[in-house]
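A short write-up of the structure that comes next.
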Amino acid sequence: LLHDIGKPYVYTQDENGTGHFKGHAVLSAELADRILRRLKFGRRLREDVCLLVRHHDDRIPCDSASVKRLIRSMGKENALRLVQVERADRAAQNPVMVAERSRAVEQIGRMIHELTRPQAACITIADLAVGGEDLLAEGIPQGVRIGKALAMLLEEVTEERLPNEREALLRFL
């Protein structure tokens, strides 16, 4: 109900008379936060709702790397909730106009389930085929550098530029 609450405040028309709502998602998230605070909802619920409202109009490509980024940025549960929000939003629109995006949303939902099966994909640092001990053994000094190296490896694996295999990851370093 709150995902488009900012639309009236940002509505503009172009020279052809077509209405636009640029920036409505960010404003809607801010307004949703104020409303949920006033209604005394808990912090976690407010954060989750505002995250979903802020991203409800994002166009997530239907490729593995993009869906992994989505899961990594908001977690599996919120990624699935975002799919539900998009599904509901599309159901309230002209089916002919949103058919392609509706198919994409359904595909993203299936990909989230597939990619989050145990051992299906590398989404977090814990899923990497190497750990901090491996990097220490390779001579990387203990501390912040280990974390940065692991984050870099996760990015390479998530973006599918490197396989999540111990030898390939260590060779990359």
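Residue numbers (our numbering): 593 to 765. All C-beta atoms in this analysis are idealised placements derived from N, C-alpha and C, irrespective of residue type, glycine included.
Check	Outcome
In the structure shown, what three-state DSSP assignment does residue 820 receive?	There is no way to answer for residue 820, as the model of the chain reaches only from 593 to 765.
Going by C-alpha to C-alpha distance, which of 625, 655 and 596 sits closest to residue 698?	655
Determine contact between the region 680 to 695 and the region 709 to 726, defined as no fewer than three beta-carbon pairs at a distance below 8 Å.	no
Work out the CA separation of residue 643 and residue 661 for me, nearest whole Å.	15 Å
Tell me which residues share the same chain as residue 603 and place their Cβ nearer than 7 Å to its Cβ, disregarding the 5 neighbours each side in the sequence.	611 and 613
Buried or exposed: which applies to residue 729, given that a residue is buried once 16 or more other Cβ atoms fall within 10 Å of its Cβ?	exposed
Distance check for residue 731 and residue 641, CA to CA, integer angstroms please.	44 Å
Need the endpoints of the alpha helix (DSSP H) that residue 685 sits in, please.	That residue, residue 685, is in no alpha helix (DSSP H); it is neither H nor E in DSSP.
Pull up the distance between the alpha-carbon of residue 739 and that of residue 687, whole angstroms please.	46 Å
Taking the alpha carbon of residue 694 as the point to measure from, which residue in 674, 713 and 737 has its own alpha carbon closest?	674
Between which two residues does the alpha helix (DSSP H) carrying residue 737 extend?	736 to 750
Tell me whether residue 617 is buried or exposed, calling it buried when 16 or more other Cβ atoms sit within 10 Å of its Cβ.	buried
Taking residue 752 and residue 657 to be in contact with their CB atoms under 8 Å, please state how far apart those CB atoms are, rounded to whole angstroms.	5 Å
Starting from the C-beta of residue 749, find all residues in its chain whose C-beta is less than 6 Å away, skip the five residues before and the five after it, and write them out in chain order.	714 and 756
Hey, could you find the ends of the alpha helix (DSSP H) residue 619 is sitting in?	616 to 630
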